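The structure appears below as structure tokens.
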Amino acid sequence: MLDRRSFILAAGAGLCTAGVGSTSLGQQGAGKVVLYTSNNTEVVQSALDVIRKRIPDLRVEQVTGGTGTLMKRVEAEATSPGGDVFWSGGFGTLGAYVRHFESYRSPEIAAIPQNLQGPGGLWTGTNVHIMLIMANKSRAGGASLPKSWTDLFDPRWKGKVAMTDPNNSSFTYITVYALLQRFGVDGLRKLAANLVITGTTGQTNKGVSDGEYALGITSEAAAYEYVAAEQPDISLIYPAEGAVLSPEGMVLIKGARNPDAARRLYDAFLSKEVQEAVLKTTYRRPSRVDIKVSSIVKLPDMVDIALLDVDQSAASQDREELLKVWNTIVADARR
């Protein structure tokens, strides 16, 4: 189970061992690697800018798409893989495709908590998302902004809360899973009655930013972009019961054509230099415990955030069943 306490305890241990076995980004003869990525252009570019300077011989070819789409592509290409590395997807989604992943334990994992490492080295966490509430106070109509998840159950927020479809977003899926565990089916029904379901995270965030919605259930990094851009009406609400920790992971694709280059890219994505660069430019929390977030951006450190407990393994196993429950709840709420 990946909770606040285990993350913090691991962080304390990791600060002492982060340098052990660290891989230099300057390795030679890296070659070509095909990267399947569902990350947005800015995230990928900020990482590759660092990697290209440190490993100039590494030639990275990108194939972009949604996490679900790319995972299905990996599955379809199982007998003749077209990609070498996939970056990145929520643990709950990755768990459904483990038979297509190659086990690998990077030297960089000394700085990464055990709970952010997949079973048998099948994936490694690269970033940690905090799922919370993004608010636009000018759209709230003078009403007090919510302080908790249960505040979102109030009928006064009907039609004013946006959330990305968990069938499309692995991070929203983990959020729905966590809320089901905490508030039960009845809580999900109350939430669904107030929601506007969007197709993408970008639609959710832009909708709140533009004032189409007062509130959005989204990731801390995505919401903070609007705060960092000095949009005064936008704020981040860390729910009193606990925000939801939603890590994203990276995998080596089984049978990849360029395994050595793939491992070098994998190591680079986990390096301190790359994770700090991604944090600075896109506000994504690193998986490494030797990076102090609050010293780089104006976000709280993990120790200061209350989190709901989420069993990532169980969430992965229960994905199909939970989505059926959720889709039924949403259909009933629309009647």
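Just so we're on the same page, the working numbering is the position in the sequence shown counted from 1, plus 33.
Note that beta-carbon positions come from the ideal geometry of N, C-alpha and C, so glycine has one too.
Computed from a prediction, not measured in an experiment: that's the story for all the values here.
How would you call residue i, buried or exposed, if buried means at least 16 neighbouring beta carbons within 10 angstroms?
| i | result |
| --- | --- |
| Ser-177 | exposed |
| Ser-57 | For Ser-57, the pLDDT reaches just 46, beneath the cut-off of 50, and the residue's location in the model is therefore unreliable, although a value from the coordinates is still provided. Its Cβ having fewer than 16 others within 10 Å, Ser-57 is exposed. |
| Lys-357 | exposed |
| Glu-108 | exposed |
| Glu-353 | exposed |
| Arg-318 | buried |
| Asp-365 | exposed |
| Ala-51 | With a pLDDT of only 35 at Ala-51, under 50, the local geometry of the prediction cannot be trusted, and no value is derived from it. |
| Ile-88 | buried |
| Ala-348 | buried |
| Val-261 | In the sequence as presented, Val is not what sits at residue 261; that position holds Ala. Exposed is the call here. |
| Ile-199 | Rather than Ile, the amino acid found at residue 199 in this sequence is Pro. By the 10 Å Cβ count, Pro-199 comes out buried. |
| Val-363 | buried |
| Gln-264 | exposed |
| Trp-359 | buried |
| Asp-300 | buried |
| Val-96 | exposed |
| Lys-193 | buried |
| Pro-333 | exposed |
| Asn-73 | exposed |
| Ser-113 | exposed |
| Val-83 | buried |
| Gln-345 | buried |
| Gly-235 | exposed |
| Gly-217 | exposed |
| Gly-151 | buried |
Go to residue i, then tell me how far its alpha helix (DSSP H) extends in each direction, as first and last residue.
| i | result |
| --- | --- |
| Val-311 | 305-315 |
| Thr-102 | 100-109 |
| Arg-85 | 74-87 |
| Thr-361 | 352-366 |
| Leu-178 | Note, Leu-178: premise wrong, no alpha helix (DSSP H); not H, not E. |
Is the CB-CB distance between residue i and residue j below 8 Å?
| i | j | result |
| --- | --- | --- |
| Ala-125 | Ile-250 | A small fix is needed here, since residue 125 is Gly in this sequence, not Ala. Cβ distance not < 8 Å, so Gly-125 and Ile-250 don't count as in contact. |
| Ser-79 | Ala-255 | no |
| Ser-71 | His-162 | no |
| Ala-247 | Asn-169 | yes |
| Asp-117 | Arg-297 | no |
| Thr-237 | Ala-211 | no |
| Glu-94 | Lys-65 | yes |
| Met-167 | Ile-230 | no |
| Leu-165 | Tyr-271 | yes |
| Gly-115 | Ser-136 | no |
| Asn-227 | Leu-185 | yes |
| Gly-275 | Ser-171 | no |
| Leu-312 | Ser-139 | no |
| Ser-327 | Ile-145 | no |
| Thr-233 | Thr-205 | no |
| Leu-285 | Ala-294 | no |
| Val-343 | Val-241 | no |
Following the continuous beta strand (DSSP E) through residue i, name the residue where it begins and the one where it ends.
| i | result |
| --- | --- |
| Trp-120 | 118-123 |
| Leu-248 | 248-252 |
| Glu-245 | That residue, Glu-245, is in no beta strand (DSSP E); it is neither H nor E in DSSP. |
| Lys-331 | First-last for Lys-331: undefined, no H or E at that position. |
| Gly-160 | In the sequence as presented, Gly is not what sits at residue 160; that position holds Asn. Asn-160 -> beta strand (DSSP E) spans 157-169. |
| Ile-267 | 267-270 |
| Ser-279 | 276-286 |
| Thr-70 | 64-70 |
| Ala-195 | 194-197 |
| Val-93 | 91-97 |
| Leu-212 | Note, Leu-212: premise wrong, no beta strand (DSSP E); alpha helix (DSSP H) at 203-227. |
Smallest Cα separation from residue i: which of the options?
| i | options | result |
| --- | --- | --- |
| Asp-219 | Gly-99, Asp-187, Val-107 | Asp-187 |
| Ile-142 | Thr-112, Met-104, Gly-158 | Gly-158 |
| Trp-120 | Arg-172, Leu-155, Ala-144, Ala-348 | Leu-155 |
| Lys-331 | Gln-345, Tyr-316, Ile-267 | Tyr-316 |
| Asp-323 | Thr-361, Met-164, Gln-308, Gly-175 | Gln-308 |
| Thr-100 | Ser-113, Arg-92, Leu-68 | Leu-68 |
| Lys-287 | Asp-82, Val-83, Arg-106 | Arg-106 |
| Gly-175 | Trp-182, Arg-189, Thr-183 | Arg-189 |
| Pro-292 | Leu-91, Lys-86, Leu-81 | Leu-91 |
| Thr-102 | Arg-368, Ser-203, Leu-221, Arg-215 | Ser-203 |
| Val-77 | Asn-148, Thr-314, Ile-329 | Thr-314 |
| Met-104 | Arg-222, Asn-201, Lys-180 | Asn-201 |
Say yes only if the C-beta of residue i is nearer than 7 Å to one or more non-hydrogen atoms of the ligand ZN, and no if none qualify.
| i | result |
| --- | --- |
| Ala-144 | Only the bare structure without any ligand can be found here, which leaves the ligand ZN out of the picture. |
At a Cβ threshold of 8 Å, is residue i touching chain C?
| i | result |
| --- | --- |
| Ala-109 | The structure shown contains no chain C, having only a single protein chain. |
Across the region 275-283 and the region 128-136, are there enough close Cβ pairs to call them in contact, namely three or more that are closer than 8 Å? no
Between the region 325-340 and the region 116-125, do at least 3 Cβ pairs fall closer than 8 Å? no
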